[in-house]
Amino acid sequence: MAVQLPKSTRATSKEVDRRLDAAVAEQEQIFLDRQPRSRQLSERAVRVLAGGVTSSWQITRPQTVWISHGAGSKIYDVDGTEYVDMHGGYGAGLAGHAHPAIVEAVCRRVVRGTHFAQPTEDAIIVAEELRSRFGLPLWRFTNSGTEATMDAVHLMRAITGRDLIIKVEGCYHGHHDSVQVSVTPEADDIGPADRPVGAPASTGIPEAILALTKIASFNSVGSVRRLLEENPGQVAGMIIEPIMMNAGIILPVEGYLAGLKEVLHEHGALLAFDEVKTGLTVGPGGATVAYGTTPDIVCLAKAIGGGLVFGAVGGTQEVMSYVAKGIYNMVGTFNGNPLSVAAGRAMLEEIATEHAYEEIGALRARIDQALSDVIAEVGLPAHVVSVGAKGCVTFSTETVRDYREFLEIDDRYNHAHWLFQHNGGVFLPPWGKTEQWLISVQHDSSDIDRLLGNFGRFARAVTG
Ligand SMILES: Cc1ncc(COP(=O)(O)O)c(C=O)c1O
């Protein structure tokens, strides 16, 4: 992590408003002018794809960007423009694109059949790798992060015979009912800080399900203790992103994760880490190893598949005995499908190596230092937060510790930054302040040069 805060901001809020609005308007026009083919595809798409996309997370402002292909650290849109890809498919792209080890593993597998609904040997090798990285003995596979966290919640309920779960305000765990609560709630819907109110993240979530999910604050063991004491013998467990990564990047304070485990266990409840995003990206054994607290359950997805559809759930001997004995029925036609486990094996054995993490660490250090220098030089109210291959600029002079502080960030900075990067040939994840960039194993210094150049232009445009 690197945090460097400017001593003061130089512009008045009116000037800032004017500069931000002008920068966004100008950059959105440049964006649209460069992408006529994407516009045509969007116009055609809305006639057959609801909203013109295949997942609502694919919508970008001012217009959806349609991709032609990717190679190494780059992706290419349908208008032929090259981008350094630091979107990384929302954190799945640690391997970069068409990595030779993934291509070889997938090609070798695809000609020998891709689906049997019977296991292939690669599944054992992937599970052995995950066991040694995350320190949990037993694993099962899924097809997505959503499925992994859904199984984790079911498991916690199955084991304890209790219905309530605890979830942190502002954490995203996929789109199954139990966790579609207080994901990105508006300030008006969240209730007082010492007693957060659960707000549905979408329509279609029944009130009865909402009532089963209790909301805690990130970095507050006290808020979890309160919920456990107010609902004695009723809480099955807690699911949490150990580093919040759907609210920029919010790091756990020292002792927080260990404190959670202790208080939950005291009350007979379980702890599940959702490492779908953090998994392989913050280090070889995720936040679990980086912060030294092994939960009862770890959920993985995204990067472990090397770009293919893959998720995993790991658990202690006791937790997974409920699966092994068939007490909790963990199933799925495509779980552990041969293509995914072949790619996952290549990812773990050949790509996400110690050496790769060292190289990524060097690129991260360069980004952190260079961006912090620009921020200090122009007096931008911002600082850099990074961990492993992930990083973001948080547009606040203060360290953000929970969702409520995150809510106060002016998202126009993030959108303007995204546009400057995009028009300058770097594809960052859309959705403003919620997301982070990803450095893949195929990025190099010249890719970082482009990111830094764009950031300098953005920072000067919005500070004058
Ligand atoms: C922390 C976290 N958990 C779970 C999910 C859901 O994963 P998926 O989109 O593969 O269902 C996401 C997706 O962004 C995520 O960020």
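Numbering (my numbering), first residue to last: 1375 to 1838. Positions of the beta carbon are idealized from the N, C-alpha and C atoms, including for glycine. Bear in mind the structure is a predicted one, so any value in this text is a computation, not a measurement.
Out of the options, which has the shortest C-alpha to C-alpha gap to residue i?
i               : options                               : result
cysteine 1673   : Ala1526, His1791, Asp1784 and Gly1700 : Ala1526
glycine 1688    : Arg1408, Asp1648, Gly1681 and Ala1726 : Asp1648
valine 1815     : Thr1768, Gln1554 and Arg1738          : Arg1738
methionine 1863 : Gln1795, Ser1552 and Leu1512          : With the chain running from 1375 to 1838 in the structure shown, residue 1863 is simply not present.
glutamate 1809  : Lys1764, Gly1827 and Phe1794          : Lys1764
glycine 1444    : Ala1756, Met1460 and Gly1753          : Met1460
threonine 1771  : Val1683, His1789 and Ile1749          : Ile1749
glutamate 1779  : Ile1433, Ala1736, Gly1830 and Gly1622 : Gly1622
glycine 1629    : Asn1593, Val1609 and Ser1597          : Asn1593
leucine 1510    : Gly1659, Val1800, Val1458 and Val1774 : Gly1659
valine 1557     : Gly1596, Pro1566, Ala1567 and Ser1576 : Ser1576
lysine 1807     : Leu1631, Thr1434, Gln1401 and Asn1620 : Asn1620
lysine 1588     : Gln1554, Phe1769 and Ser1819          : Gln1554
histidine 1641  : Gly1607, Gly1519 and Ser1760          : Gly1607
asparagine 1797 : Arg1421, Glu1389, Val1439 and Pro1566 : Val1439
isoleucine 1488 : Trp1792, Pro1803, Ser1714 and Thr1773 : The question names isoleucine, but residue 1488 in the sequence shown is threonine. Of the candidates Trp1792, Pro1803, Ser1714 and Thr1773, the one whose C-alpha sits nearest the C-alpha of threonine 1488 is Ser1714.
aspartate 1742  : Arg1507, Val1759, Asn1709 and Leu1793 : Val1759
arginine 1486   : Asn1711, Pro1803, Asp1823 and Gln1795 : Asn1711
Just list the residues that DSSP pairs residue i with in beta bridges.
i               : result
isoleucine 1533 : According to DSSP, which records beta bridges pairwise, isoleucine 1533 is partnered with nothing at all.
leucine 1644    : Gly1611
leucine 1812    : Lys1764
aspartate 1459  : Phe1801
isoleucine 1449 : Gly1444 and Tyr1457
glycine 1689    : Leu1512 and Ile1671
proline 1574    : Val1555
histidine 1757  : Thr1768
isoleucine 1624 : Met1618
Taking 7 Å as the cut-off, decide whether the C-beta atoms of residue i and residue j are in contact.
i               : j               : result
leucine 1812    : glycine 1535    : no
alanine 1717    : isoleucine 1404 : no
valine 1452     : serine 1412     : yes
isoleucine 1613 : alanine 1643    : no
leucine 1468    : threonine 1707  : no
glycine 1653    : isoleucine 1678 : yes
leucine 1529    : tyrosine 1702   : yes
histidine 1817  : serine 1430     : no
aspartate 1537  : leucine 1586    : yes
valine 1480     : arginine 1719   : no
valine 1752     : alanine 1835    : no
methionine 1721 : arginine 1514   : no
valine 1650     : alanine 1675    : yes
valine 1595     : glycine 1565    : no
According to DSSP, is residue i part of a helix, a strand, or is it coil?
i                  : result
valine 1557        : coil
valine 1836        : helix
proline 1474       : helix
phenylalanine 1515 : strand
leucine 1379       : Because leucine 1379 carries a pLDDT of 35, less than 50, the predicted location of this residue cannot be relied on, and no value is offered for it.
arginine 1384      : Any reading at arginine 1384 is ruled out, since the residue's pLDDT is 43, under 50, leaving its predicted position unreliable.
lysine 1651        : coil
serine 1442        : strand
leucine 1468       : coil
valine 1595        : helix
alanine 1590       : strand
alanine 1497       : helix
leucine 1682       : coil
methionine 1618    : strand
isoleucine 1671    : strand
glycine 1827       : helix
lysine 1807        : helix
histidine 1329     : Because the chain spans 1375 through 1838 in this model, residue 1329 falls outside it and cannot be assessed.
leucine 1538       : strand
isoleucine 1741    : helix
isoleucine 1579    : coil
serine 1820        : helix
aspartate 1747     : helix
Cβ of residue i within 6 Å of any heavy atom in ligand 1?
i              : result
lysine 1651    : yes
histidine 1547 : yes
glutamate 1543 : no
glycine 1454   : no
serine 1552    : no
alanine 1675   : yes
serine 1518    : yes
aspartate 1537 : no
aspartate 1648 : yes
glutamate 1615 : yes
Any heavy atom of ligand 2 closer than 6 Å to the beta-carbon of residue i?
i             : result
tyrosine 1464 : Among the ligands present in this structure, namely ligand 1, ligand 2 is not found.
Are the C-beta atoms of residue i and some chain D residue less than 7 Å apart?
i              : result
glutamine 1437 : Absent here is chain D; the protein component of the structure consists of one chain.
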